[in-house]
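Student:
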Amino acid sequence: MKELTTYYTNKNILFKEIKQVTPKELDSRKKIDIYAATTIDSKFYAIFIVDSKSRFIRKNADDLMELCEKLASYLDHNFKKKELLISSPLCSKAKEYLKQNDWSVRVDFM
Numbered sequence: 001m002k003e004l005t006t007y008y009t010n011k012n013i014l015f016k017e018i019k020q021v022t023p024k025e026l027d028s029r030k031k032i033d034i035y036a037a038t039t040i041d042s043k044f045y046a047i048f049i050v051d052s053k054s055r056f057i058r059k060n061a062d063d064l065m066e067l068c069e070k071l072a073s074y075l076d077h078n079f080k081k082k083e084l085l086i087s088s089p090l091c092s093k094a095k096e097y098l099k100q101n102d103w104s105v106r107v108d109f110m
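Position 84, counted from 1, in the sequence shown is what UniProt numbering calls 84; the numbers after and before it change by one each time, with no gaps.
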């Protein structure tokens with residue numbers, strides 16, 4: 001979590017609260033880190049960190065959006081900002097699909 005706060009502080013985004021949600025709580029078996037965060041100016045972030053060796057493809061993007069919907073219903077809250085922090089290779093179609101659905105994709109994490 002320290003890397004996460006440092007990363008966003010360097011981008012001039014300060015959080016007043018960060019809560020980690022395990023994928024098991026959302027009935028998922030995926031190896032992914034999920035955070036629900038609130039900035040000091042009351043913007044709500046859903047942050048998903050994917051660290052895998054294989055390429056992130058369009059099917060993974062669908063799974064990620066489904067996981068975000070589960071997170072919204074689990075916490076009874078819709079998120080204004082949805083972010084994917086990824087260190088693995090990313091398919092251009094998956095990136096475009098996520099951007100069309102108001103996701104922010106950041107490849108420079110880690």
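Don't be surprised by glycine CBs; every beta carbon is placed ideally from N, CA and C.
1) Assign Ile49 to one of two classes, buried (16 or more other C-beta atoms within 10 Å of its C-beta) or exposed (fewer than that).
2) Can you tell me which of the three DSSP states Asp41 falls into?
3) For Asn10, count the other beta carbons within 10 Å of its own beta carbon; 16 or more makes it buried, fewer makes it exposed. Which is it?
4) Do you know whose CA, among Thr5, Leu75, Leu14 and Ser104, lies nearest Ala61's CA?
5) With three or more C-beta pairs closer than 8 Å as the rule, is the segment 11–20 touching the segment 53–60?
Tutor: Checking against the coordinates, here is how it stands:
1) In the sequence shown, the residue the question calls residue 49 occupies position 49. Counting Cβ neighbours within 10 Å, Ile49 comes out buried, since at least 16 surround it.
2) Along the sequence shown, one-based indexing puts residue 41 at 41. Coil.
3) For the purposes of this step, residue 10 is taken as residue 10 along the sequence shown, with counting starting at 1. Result: exposed.
4) Locating residue 61 in the sequence shown gives position 61, counting from the first residue. Of the candidates Thr5, Leu75, Leu14 and Ser104, the one whose C-alpha sits nearest the C-alpha of Ala61 is Ser104.
5) Flag = no, the segment 53–60 and the segment 11–20 do not touch.
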